[in-house]
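Data block below; observations after.
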Amino acid sequence: MARLTLRNIKKSFKSTQVLHGIDLDIHDREFVVFVGPSGCGKSTLLRLIAGLDPITDGEFDLNGERMNEVAPSRRGIAMVFQSYALYPHMDVYENMAFGARLMGLDKPEVERRISEAARMLQLEPLLKRRPRELSGGQRQRVAIGRALVRKPQVFLLDEPLSNLDAALRSEVRLEIARLHREIGGTMIYVTHDQVEAMTLADRIVVMNHGRIEQVGSPRELYETPANTFVAGFIGAPRMALFEVKREGARLAIPDGGSVVLERVPDSGTKGLRLGVRPDAFRLLDTSSEDGFDASVVYTEYLGDDAYVYARLADGTLVAVRTHPADNYQPDTKIRLGVASEGAHYFSLENGERLA
Amino acid sequence: MAKLRMTGRGLWITTLVAPPLAFVALFIVYPIIAAFAYAFFDWQGLLRGEFVGFANFHQVLFVEPYASWTRNAFTHNIIVFFALMVLQNGLGFLLAYGLWRGLPGARFHRIAVFMPVVLSTIIVGYLWKLFYHPLFGPVNQVLRGIGLDQLAQPWLGQSSTALWALIIANAWHLVGFPTLVFLAGMQRIPTEILDAARMETESEWVKITQIVWPLVAPSATIVFVLLFVGAFNWFELPYIMAGLDGSPFGSTDVLGLYFYRTAFGNVSAGTQDFGLGSALAVLIFIFIAAVASVITVRLRAREIQV
C-alpha cells in the first residue's frame, strides 16, 4: 500500500518561490509521471517527496501519515537519480547491499534480495564490478537495483533515461514498464520527454512555472487538453494554436481564409483560439472556398509519415501530417481544412479549454 | 627515442626550464649531495679532515651520549607525528565536513580556520609563548578565572607538558591546511551521491565513514604525507618556543633541533661537528624519503576515481 497525498505544497528557495501550492493524490500502484519544461518545478517536487529538501509550506502524507518532518531514509521511499549516483568506491553488490544492510536486514535476507534484483535486471555477471567499469545502461540498471533491494513503497525516478543514448533509451523504457508491472509499487517518474510520459504513465501531471496545469491519463491529456499550455506540450509535432474570429458561422483568420466547423462552443462575439493537431488538418484543393491559406516552409520526411510545416496568414507555423509520397516545395501555396472532431477550442483571455 | 630538435618551441621551452633547473641543482641537489659527502669525513670546525667511512653514522646511532639523544629526539618526532595526525588532520577533516555541510556560520569559520595558516611561524611561536606564560598568559588566567587554579601551570617549563604545549600550538596554527584540502576533496563529491546516501541513512557517522571518507582518499594522501614530512622536519616552532636545546631538559628536543645543534653548535654545547650533523641530516633524509614513498604508494592504492 502506498497512497500519497500532497496538500497545498509550497517551496521557496530564499525569496524565490518555485512551487505555488501543489495539490495531488497518487494512488497505490500507480505510475505517475511529472512532465514539464525545464525549471517548472517537477524535480523540486520529487525532492520534496523524497525528503531531500524541506517542504516550505503545505502537507505531504504517505498512507495518511504526515511525512514533512520524517528523514528521507525513514519514508520507505527509494530514488533513482539522473546521474545514477552510484557509490564509486563500492562494487555493484556493495552498492545494492549498502542500503539494505542499513535497514537492519540480516545477511541471508540481503543476499536473497540482491540475487533477486540481479536476476530481474540481468546484473548477475556484473556484481563484482565497480561503477566506472560499467556502461551507462548497466549503471542505470544498478541504480534501479539499488532501489529495488530496499523494497520501498514508492519509487522515485528523476529523469532516469536522460543520460542514455536514443537506442538504449527505448529499451530501458520498456524495462521500467515491465518492472512496474512485476513489482507493482507506486512509481513517480520525472521527465521532460513527453514520449516517456505518454508511454509509461497511468497518469501524467503536467507542470509549468511551479503549478500543475493538468492531471490525467495520457489519452485525456492528448484528447482533451485543459489549456493551451498542455495542448502545446503534449503531442509531437506540436498542436497548432492560432486565433480565429467569428464571421457568422465561419471561423476566420483575417485575410487568411476561413473554415466551418461543427459544435463550436459559444464564446460570445469575441474570437477564440483554435487548436489543431497535425493529423486533423486536411489538405484541400487550392481552388476551394473553404480552408486557411498557408505557405509551405519545409517538409519533414519520416518514412511512414511526412509533416509539412506551413505558415498561416497570421504568421503561425503549423505542422500538417501528409502522405509520405506527396512532395511539397517551399513557398508552395496550400489550403488547409480542419476536421471538426479534431478541433480544440480555447479562451483567448486565459487559454482555458472551452467545452 | 625522439630526437630533440631545436625548433622555435623547443628553444622556448629550454629557455624557460633551464633557470629553475639550475636553481634547483645549485640550492637543493648540490647541498644534498654535499651533505652526503660531508657525512663521511672528520671535521675540525669548518676544516675538512680525513675520510672516516661510516664512523659518523655509527657515532650518532650507537655511541653514547649521541645515541640516547638521537633516540630521545626521534621518539619526540614520532609523538608529534601521531598527535598532529589526530589534532591537526583529524580535526581538519571534521572541520571540513562541518563547513561542507554548511553548518551555521560556515562562511565565517571557513576564513577563521584558515587565517592562522597564513601567519608566519615566528609570530605564532611568540604568540603562543605569551599564551602559555605561567603568570600573565591567557591560558592560566582563564583556568584561574573559572576556578581551576590547580590546573594552572608552567606549560612550557616542565617536561610533562612542554611537548604537548608545542603540539597544540602547531595544531592551532596549521589545522586550516588539512581543512582546506579535505574541503576541496569533499566539494568534488557529486551532490547526488550524498543525496543517494541520505535516502538510505540518516546517520552522519555512516555517511562520514562509509561514503565521504573513502571518497576523499586523494586529499588524505596529500595531508598524511605532508604531515609526515612536516613532523620529522619540525624545527621553527620548537626553536622559537623551546630553544635550541629542546628545553626543559631535552623534553621538546626533536631531530631538527638536534641536527642543527650538532652541526652548527650552540651556546651550551659550544662545539660544532659538521661530520656528525651531516650524518644526522642524511639519516633524517633517508628515513623521510623511504617512509614517505611507502605511505604514498600505499595510500594511492586506495584512491578511487569518482
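Heads up: the protein sequence lines correspond to chains A and B, in order.
Read in the UniProt record's numbering, the first sequence has 205 at position 205, and its numbers run on one by one without any break.
Read in the UniProt record's numbering, the second sequence has 128 at position 128, and its numbers run on one by one without any break.
Ideal placement from N, C-alpha and C gives every residue a C-beta, glycine not left out.
No experiment lies behind these values; they were computed from the predicted model shown.
Rounded to the nearest angstrom, the gap between the Cα atoms of F98(A) and S203(B) is 13 Å. For A106(B), the CB contacts under 6 Å within the same chain, skipping 5 residues up- and downstream, are L99 in chain order. Residue contact with chain B for L52(A): present (Cβ-Cβ distance below 8 Å to some residue of chain B). Per DSSP, the continuous beta strand (DSSP E) segment holding A310(A) begins and ends at 306-312.
For L221(A), the closest of R173(A), V195(A), R250(A) by C-alpha to C-alpha distance is V195(A). Residue pairing by DSSP leaves F264(B) without any beta bridge partner. No Cβ of chain B is located within less than 8 Å of the beta carbon of Y189(A). The three-state reading of DSSP puts L24(A) in strand, counting E and B together. Going by DSSP, W43(B) is part of the beta strand (DSSP E) stretching over 41-44. If the five residues before and after A73(B) are omitted, its C-beta is found closer than 6 Å to the C-beta atoms of D253, V254, L255, Y258, all from its own chain and listed in chain order.
Within the stretch 106-174 of chain B, the runs of alpha helix (DSSP H) at least 4 residues long that lie entirely inside it are, in chain order, 106-114, 121-131, 138-145, 159-174.
Secondary structure of G216(A) (DSSP, three-state): strand. Under the three-state reduction of DSSP output, N233(B) falls in the coil class, being neither helix nor strand. Cβ contact annotation for G145(A) (same chain, cutoff 7 Å, sequence separation greater than five): M96, A117, A118, L121, L123, in chain order. DSSP places Y189(A) in the strand class (E or B) of the three-state scheme. The shortest C-alpha to C-alpha distance from I193(B) to any of F281(A), A85(A), R129(A), Q17(A) is the one to A85(A). Contacts with chain B at 8 Å (Cβ-Cβ) include M79(A). With fewer than 16 other CB atoms across the displayed protein chains lying within 10 angstroms of its CB, P104(B) is exposed. A straight-line Cα-Cα distance of about 17 Å links L283(B) and F264(B). Contact note: D42(B) does not reach chain A at a C-beta cutoff of 7 Å; the least C-beta distance is about 55 Å. The C-alpha of L105(A) is placed about 38 Å away from the C-alpha of S217(A). Proximity of E202(B) to chain A, defined by a Cβ-Cβ separation below 8 Å, is satisfied.
Membership of G291(A) in the beta strand (DSSP E) is indicated by the continuous run 291-301. Annotated as distal: G184(A) and Q153(A), with beta-carbon spacing of 8 Å or more.
DSSP places H323(A) outside both helix and strand once states are collapsed to three, so it counts as coil.
By the Cβ test, the stretch 205-217 of chain B is in contact with the stretch 171-186 of chain B, since at least three Cβ pairs between them sit closer than 8 Å. For R198(B), the C-beta contacts it makes with chain A under 9 Å involve A50, G51, L52, A71, P72, S73, in order along the chain. If one requires a minimum length of 4 residues, the alpha helix (DSSP H) runs lying completely within the stretch 149-197 of chain A are 166-183, in chain order.
Secondary structure at M199(B): helix, using DSSP grouped into helix, strand and coil.
Taking 8 Å as the CB threshold, D195(B) lines the interface with chain A. A contact between stretches requires three or more CB pairs, one per stretch, nearer than 8 Å, and the stretch 278-289 of chain A meets this requirement with the stretch 339-349 of chain A. In this structure, T5(A) is the residue among K107(A), P72(A), T5(A), L45(A) with its C-alpha nearest to the C-alpha of E65(A).
Here the stretch 224-232 of chain B lies against the stretch 83-90 of chain B, with 3 or more beta-carbon pairs under 8 Å apart. Under the DSSP assignment, N95(A) falls in the alpha helix (DSSP H) whose first and last residues are 92-102.
A Cβ-Cβ distance of about 18 Å is found for the pair V225(B) and L91(B), leaving them out of contact under the 8 Å criterion.
If you check the CB distance, A177(A) and L200(A) come in under 8 Å.
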